[in-house]
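Asker: Structure provided below as structure tokens; questions to follow.
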Amino acid sequence: MIELLRNEIKNIDNLRGHSQHDPTNEQQSSNAPKVLVMTTIDRYGVEKPVHNAYEPGNQRQYGHVDRRDNRKMKKQVKKMRENDKDPEREGLSLHDLVEMERHSTTNMMPVLPSNRNNPNLSSDRQILASTRHLSGWARIQALADQKKRQQTFEQCWLCIENLSKSYIFGLLDQWYLCAPPQESLVEGHCFIVPIQHSSSRFHL
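Next up, the structure:
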């Protein structure tokens, strides 16, 4: 039994050896180009071929931009430029645009001193400036009071945005005069209301 198995193994080995020395296979192997594949082993022990950076299939992995992506990007930039066309900025250089933007921002937003008694500061800025030195629960409570006050201001009928313009008959820089919407007890009675929201609104 063992001898039969040995003979079969020898026959198989002989057949394999004859197939390797076949002249047709030798001709095909000589005609085919020989390719040497370099491999590396990663940290998991898997053997992988080393990719060439100059192969066309691997250009995207090494920072090369495909032509299709380049065309698509150019189309998107062109579309954004068409959407952002402004007749006032047409024909201006980059330096002129930067100067115009700088002057417009400095004119619209003047630098104000951080004094909470400054009358130019709005009430929201005053509250935020007053809560700057607070920390922890005191700051949370102050911000919650600010939100509650803001909701009260939004529902206030004396606010210049909510009040009908027919009731307003005198307008100054910081105050305005308005007639009460309901019938007043005293003849000629009117409200003196500050335009900017402040804590004094609750005491009117």
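If you use the working numbering, the sequence shown corresponds to residues 3 to 206, in order. Every residue, glycine too, gets a C-beta built ideally from N, C-alpha and C.
1. In three-state DSSP terms, what is W177?
2. What number of angstroms, rounded off, separates the C-alpha of R104 from the C-alpha of H97?
3. Where do the ends of the beta strand (DSSP E) carrying K150 lie?
4. Please classify Y178 as buried or exposed, where buried requires at least 16 other C-beta atoms within 10 Å of its C-beta.
5. Helix or strand or just coil, what does DSSP make of K77?
6. Select from V195, S166, S186 the residue whose C-alpha is nearest the C-alpha of D175.
7. Over what stretch of residues does the beta strand (DSSP E) that includes I197 continue unbroken?
8. Could you check what DSSP says for I4 in three-state terms: helix, strand or coil?
9. List the endpoints of the continuous beta strand (DSSP E) containing K50.
10. With I43 as the anchor, note down where its beta strand (DSSP E) starts and where it stops.
11. Once the 5 residues before and after R45 are set aside, which same chain residues still bring their CB inside 7 Å of it?
12. Give the straight-line distance between the Cα atoms of V100 and L94, rounded to the nearest whole angstrom.
Answerer: For this structure:
1. Indexing the sequence shown from 1 puts residue 177 at position 175. The answer is strand: DSSP assigns W177 an E or B state.
2. Taking the sequence shown and counting its residues from 1, the one referred to as residue 104 is at position 102. Taking the sequence shown and counting its residues from 1, the one referred to as residue 97 is at position 95. R104 and H97: Cα-Cα distance of roughly 11 Å.
3. Taking the first residue of the sequence shown as position 1, residue 150 is located at position 148. Careful: K150 lies outside any beta strand (DSSP E), inside the alpha helix (DSSP H) at 139–157.
4. Your numbering for residue 178 matches position 176 in the sequence shown. Classification of Y178: buried, given that the 10 Å Cβ count is 16 or more.
5. Counting from one through the sequence shown, the residue named residue 77 turns up at place 75. In this structure, DSSP gives K77 a helical state, which the three-state scheme calls helix.
6. Residue 175 sits at position 173 when you count from the first residue of the sequence shown. Checked all of V195, S166, S186; the closest Cα to D175 is V195.
7. Reading the sequence shown from its first residue, position 195 is the one you call residue 197. In the DSSP assignment, I197 falls outside any beta strand (DSSP E), carrying neither H nor E.
8. Residue 4 sits at position 2 when you count from the first residue of the sequence shown. Correct three-state label for I4: helix.
9. Here residue 50 refers to the residue found at position 48 when the sequence shown is read from its first residue. Secondary structure note for K50: its beta strand (DSSP E) is the uninterrupted segment 49–51.
10. Counting from 1 along the sequence shown, the entry for residue 43 is found at position 41. It spans 41–43 - the beta strand (DSSP E) in which I43 sits, taken as one unbroken run.
11. Translated into the one-based positions of the sequence shown, residue 45 becomes position 43. Taken in chain order, the list of residues that qualify is empty.
12. Indexing the sequence shown from 1 puts residue 100 at position 98. Indexing the sequence shown from 1 puts residue 94 at position 92. Counting only the Cα atoms, L94 lies some 10 Å from V100.
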